[in-house]
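Structure first, commentary second.
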Amino acid sequence: MTENEISKVVYDCALKVHKNLGPGLLESAYEECLFYELSKTGLKVEKQKPLPLIYEDVKLEIGYRIDLMVENKFIIEIKAVDALNDVHLAQILTYLKISDCKLGMLINFNVTLIKKGIKRVINGIL
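Encoded structure:
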């Protein structure tokens, strides 16, 4: 499955979760429910996946944790905030860069319409 095909599945699952729960919950609740919905599709989904950080001769085994990783090539960063800002975008861009993934999605569930809270993020493009 390509990253674009995964993106469509993720969008549909996020829409279902948001329709059922609405805004106002903690990120962890949305993460668990989105993990559940994605798992039902048969895709390989990992939550809180450790992402090592290598800087010159230093390696931190668990430098970061990715909220959800799908098929080892698509990153999902989940938020439940009033508004997404540049720091949130920078975070997922950094995750894409150090994981060598091409595509990810930044999803803010604290919105009235989920389509307003979803951003597709491409590695290397600001």
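For the sequence shown, our numbering begins at 34 and goes up steadily by one.
Just so it is clear, CB atoms sit at the ideal spot from N, CA and C, and this is done for glycine as well.
The structure presented is a predicted model; accordingly, all values stated were derived computationally and were not measured.
Beta-carbon proximity list for K152, same chain, < 6 Å, skipping 5 on both sides: Numbered from 1 along the sequence shown, position 119 holds the residue referred to as residue 152. L139.
Between the region 82-91 and the region 126-136, do three or more beta carbon pairs fall short of 8 Å? A contact between stretches requires three or more CB pairs, one per stretch, nearer than 8 Å, and the region 82-91 meets this requirement with the region 126-136.
Per DSSP, what kind of secondary structure is F107 in: helix, strand or coil? Reading the sequence shown from its first residue, position 74 is the one you call residue 107. In the three-state scheme derived from DSSP, where H, G and I count as helix and E and B as strand, F107 is classed as strand.
Give me the residue from G75, L136, K80, M34 with the minimum Cα distance to A62. The sequence position of residue 62 within the sequence shown is 29, counting from 1. Considering only alpha carbons, the answer is K80.
CA nearest to the CA of A123, picked from K52, I39, K73, V154: The residue labelled residue 123 in the question sits at position 90 within the sequence shown. Ranking the options by Cα distance to A123, first place goes to V154.
Let me confirm a value: N143 is counted as buried when at least 16 other C-beta atoms fall within 10 Å, else exposed. Which label applies? To locate residue 143, count along the sequence shown from 1; it is residue 110. Classification of N143: buried, given that the 10 Å Cβ count is 16 or more.
Neighbourhood of L76 by C-beta, 8 Å cutoff - its chain only, sequence neighbours within 5 removed: In the sequence shown, the residue the question calls residue 76 occupies position 43. Once the five neighbours on either side are set aside, the close Cβ partners of L76 are M34, I39, V42, V103, E104.
The alpha helix (DSSP H) with E60 in it runs from where to where? Position 27 of the sequence shown holds residue 60. Where E60 is concerned, the enclosing alpha helix (DSSP H) stretches over 60-73.
Taking the alpha helix (DSSP H) that K41 belongs to, which residues open and close that run? Here residue 41 refers to the residue found at position 8 when the sequence shown is read from its first residue. Per DSSP, the unbroken alpha helix (DSSP H) holding K41 starts and ends at 36-54.
Residue nearest to D115 in terms of C-alpha spacing, selected from N141, K52, D90: Residue 115 sits at position 82 when you count from the first residue of the sequence shown. The shortest Cα separation from D115 among N141, K52, D90 belongs to N141.
Please check the pair I111 and E60, which I expect to be a contact at CB under 8 Å, by giving their CB distance rounded to whole angstroms. Counting from one through the sequence shown, the residue named residue 111 turns up at place 78. Counting from one through the sequence shown, the residue named residue 60 turns up at place 27. About 5 Å separates the CB atoms of I111 and E60; that is less than 8 Å, so the two are in contact.
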